[in-house]
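S.K.:
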Amino acid sequence: MVERVSDGVNDVTEAEVQADSSPGAPGGRGVRSTSIAQARDLARRRLRGLDKQLVDDCLLVVSELVTNAIRHGGGLVHLDVITQPGHVTVSVQDRSSALPTSAAPTGQWLPGGYGWPMVCRLAKQVTINQLEGGGKAIHVSIAR
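This note's numbering puts the first residue of the sequence shown at 250, with every later residue one more than the last.
1. Do the CB positions of Lys301 and Ser345 come within less than 8 angstroms of each other?
2. Tell me, please, whether the stretch 324-332 touches the stretch 350-364 by the rule of three or more beta-carbon pairs shorter than 8 angstroms.
3. What first and last residue would you give for the alpha helix (DSSP H) that runs through Leu328?
4. Suppose you measure from the CA of Asp290 to the CA of Val304; what does that come to, to the nearest Å?
5. Measure the alpha-carbon distance for Val310 versus Gly382 and round it to whole angstroms.
6. Would you mind reading off the limits of the beta strand (DSSP E) that contains Lys301?
Set out below in structure tokens:
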């Protein structure tokens, strides 16, 4: 079953916002450049008219959560961005039950593992729900 992400105007399917598992992708599990961009575009439409700093923070959270779902979570299942009085909630579901982790300090700068702490610093609240049948849903509330 293909989940649909809708902003009320345009639908984006899971196939359009997911990892490229084609043999030519690095490691067989690369990320199409358009998938995360499409997720940000959906968020941008939902956040139209809000404060620029809030929009930038939300787009960063969307980018990090969708990237993690694609790279580490077995693929993006669902994305939603909801504006509410006092906050915006970004919700991402993936296929993995594994919880997000941070990079272990090594004394030197190495790529990877810094996005989750950044998401947590931007968030007013983070909730992670394990889903029946596997996978998880991460909900990040960002203060308006």
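Cβ coordinates follow ideal geometry from the N, Cα and C atoms, glycine included.
M.R.: Quick answer:
1. Ser345 sits away from Lys301, with the two beta carbons spaced by 8 angstroms or more.
2. No, they do not touch.
3. Going by DSSP, Leu328 is part of no alpha helix (DSSP H) but of the beta strand (DSSP E) stretching over 325-333.
4. Cα to Cα, Asp290 sits roughly 11 angstroms from Val304.
5. Answer to the nearest angstrom: the Cα atoms are 26 angstroms apart.
6. First-last for Lys301: 301-321, but that is the alpha helix (DSSP H), not the beta strand (DSSP E).
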